[in-house]
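Numbering (the working numbering), first residue to last: 20 to 364. Built from N, CA and C at the ideal position, the CB exists for glycine as well.
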Amino acid sequence: MIPAVATISSHSALQILKGARDEGLRTILLCLREREELYARFNLADRVIPINSVEDLLDKKVQSELLKENSVLVPHGTLISGGKLEEFERSFEPKVLGNKYIFRWEYDRNLKDKLLQESGLNVPRKLKSHTEISGPVIAKLPGAEGGRGYFIAKSPKDFEEKVIAVRKKGLLKKGEEDKIFIQEYIIGVTLYPHYFYSPLSHKVELLGCDRRYETSIDGLGRIGAKDQLDLDIIPTFRVIGNTPMVLRESLLMDIFSSGDGFVAASKRLVKPGSVGPFCLEMICDEEGKLFTFEFSGRIVAGTNLFISGSPYSDLIFGEPMSMGRRIAREIKKAAELGELDKVVT
Ligand SMILES: Nc1ncnc2c1ncn2[C@@H]1O[C@H](COP(=O)(O)OP(=O)(O)O)[C@@H](O)[C@H]1O
Ligand SMILES: [Mg+2]
Numbered sequence: 020m021i022p023a024v025a026t027i028s029s030h031s032a033l034q035i036l037k038g039a040r041d042e043g044l045r046t047i048l049l050c051l052r053e054r055e056e057l058y059a060r061f062n063l064a065d066r067v068i069p070i071n072s073v074e075d076l077l078d079k080k081v082q083s084e085l086l087k088e089n090s091v092l093v094p095h096g097t098l099i100s101g102g103k104l105e106e107f108e109r110s111f112e113p114k115v116l117g118n119k120y121i122f123r124w125e126y127d128r129n130l131k132d133k134l135l136q137e138s139g140l141n142v143p144r145k146l147k148s149h150t151e152i153s154g155p156v157i158a159k160l161p162g163a164e165g166g167r168g169y170f171i172a173k174s175p176k177d178f179e180e181k182v183i184a185v186r187k188k189g190l191l192k193k194g195e196e197d198k199i200f201i202q203e204y205i206i207g208v209t210l211y212p213h214y215f216y217s218p219l220s221h222k223v224e225l226l227g228c229d230r231r232y233e234t235s236i237d238g239l240g241r242i243g244a245k246d247q248l249d250l251d252i253i254p255t256f257r258v259i260g261n262t263p264m265v266l267r268e269s270l271l272m273d274i275f276s277s278g279d280g281f282v283a284a285s286k287r288l289v290k291p292g293s294v295g296p297f298c299l300e301m302i303c304d305e306e307g308k309l310f311t312f313e314f315s316g317r318i319v320a321g322t323n324l325f326i327s328g329s330p331y332s333d334l335i336f337g338e339p340m341s342m343g344r345r346i347a348r349e350i351k352k353a354a355e356l357g358e359l360d361k362v363v364t
């Protein structure tokens, strides 16, 4: 029996539902009550299960509905940012697309760094203490969402002053200074390739690439250098939206070997490895060298740009293939082969 696809009403839900429907799979929306009307406008769910918050996924009644429907939950960013990942690992019984054990590695900055290092990627250097700062660094605050309050510093003194400033803004609690993640700042172009690893074909596919548009850092270029200095701005990195990106063709070699390296390392460190969609967050410097500073072990919102396909998905499939649809196709194919266990945990 081909499973139904279930997801939570946020992030990339519309794309996931549409992709499942395009593949002829039944769709189930776990819908936050205040959003029922919004999602009804798109009419992509065959069944709606109302929930009050993401935590309701741990509710036995919700889970038994999902089990009855023989559904596979497609997880996205909302699940990860909701925390409680260990509890989710332990007590969520319905099938989850991909590897649910990798979400904790995505959430925890030190585990994340370990997996990226193991993947053989160039990762920007991590500093043990702010006293080591001798060139530009980016300071990432603990628990900050979407880069709020992250800042750039160029010396230990500069760092200390900015810590005081973010504390005043209420973005850092007293005593949390030690938890700030300090990393070498790479000057270049950010890029976020969207990958899909199929355990059925053992191949890593590139389905698209985007850039995140982040405020205020991406708006600074509109202010003249002199005014920037006068205004004494601390740039931040809160994602506002995504723009599509097509890469120089010569970069594709590195893009693929990075994806392959990540899948191989995840198989060693977090069994069964990265399965299905993932994203590497990269910066390309002036020499064309790629640095990877983060990953997402599930679908990213940047894929919403490509609901009817991207230049890369077109090259591979020759038909509109969003990440949501790619996921549904893998579930369908695995179920038909009797190998669903390979694509869910
Ligand atoms: N080492 C780095 N060099 C330059 N810019 C960076 C670096 N690390 C992160 N950034 C910028 O900061 C943003 C947020 O950092 P990230 O590590 O992705 O944190 P978050 O967990 O909030 O997504 C990135 O999207 C990127 O624009
Ligand atoms: Mg990020």
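Buried or exposed (CB count within 10 angstroms, at least 16 for buried), residue i
i, result
"residue 316", "buried"
"residue 213", "buried"
"residue 30", "buried"
"residue 53", "exposed"
"residue 348", "buried"
"residue 233", "buried"
"residue 322", "buried"
"residue 42", "buried"
"residue 94", "buried"
"residue 161", "exposed"
"residue 114", "buried"
"residue 267", "exposed"
"residue 259", "exposed"
"residue 285", "buried"
8 angstroms contact criterion, which residue i and residue j should meet: CB distance rounded
i, j, result
"residue 226", "residue 340", "7 angstroms"
"residue 149", "residue 178", "4 angstroms"
"residue 305", "residue 240", "Between residue 240 and residue 305 the Cβ distance is about 17 angstroms, and since that is not below 8 angstroms, they are no contact."
"residue 228", "residue 264", "5 angstroms"
"residue 22", "residue 350", "6 angstroms"
"residue 132", "residue 145", "6 angstroms"
"residue 138", "residue 275", "That pair is no contact at about 13 angstroms."
"residue 25", "residue 47", "4 angstroms"
"residue 314", "residue 135", "6 angstroms"
"residue 118", "residue 332", "Their Cβ separation, rounded to whole angstroms, is 22 angstroms, which puts residue 118 and residue 332 out of contact at 8 angstroms."
Enclosing alpha helix (DSSP H) for residue i [first to last residue]
i, result
"residue 9", "Outside the shown range of the chain (20 to 364) lies residue 9, about which nothing can therefore be said."
"residue 355", "342 to 356"
"residue 83", "79 to 87"
"residue 57", "55 to 61"
Boundaries (first-last residue) of the beta strand (DSSP E) holding residue i
i, result
"residue 331", "Counting along the chain, residue 331 falls outside any beta strand (DSSP E), though it belongs to the alpha helix (DSSP H) covering 330 to 336."
"residue 23", "23 to 27"
"residue 215", "208 to 217"
"residue 200", "200 to 203"
"residue 241", "Residue 241 -> no beta strand (DSSP E), and no H or E assigned at all."
"residue 226", "222 to 235"
"residue 69", "66 to 70"
"residue 92", "90 to 92"
Distance CB(residue i)-CB(residue j) smaller than 9 angstroms
i, j, result
"residue 256", "residue 342", "no"
"residue 98", "residue 73", "yes"
"residue 335", "residue 224", "yes"
"residue 218", "residue 291", "yes"
"residue 312", "residue 205", "yes"
"residue 70", "residue 49", "yes"
"residue 277", "residue 299", "yes"
"residue 108", "residue 126", "no"
"residue 199", "residue 158", "yes"
"residue 56", "residue 77", "no"
"residue 230", "residue 210", "yes"
"residue 142", "residue 310", "yes"
"residue 156", "residue 116", "no"
"residue 176", "residue 253", "no"
"residue 270", "residue 124", "no"
Cutoff 9 angstroms: residue i Cβ touching any chain C Cβ
i, result
"residue 293", "The structure shown has no chain C; it contains just one protein chain."
Entirely within the segment 95 to 174 and at least 3 residues each: give me those beta strand (DSSP E) ranges in chain order. 156 to 159, 170 to 172
Going residue by residue through the segment 245 to 319, where are the continuous beta strand (DSSP E) segments of at least 3 residues, counting only ones entirely within it? 256 to 263, 295 to 303, 309 to 315
Please go through the segment 25 to 50 and give each complete alpha helix (DSSP H) segment of 4 or more residues, from N-terminal end onward. Listed in chain order, they are 32 to 41.
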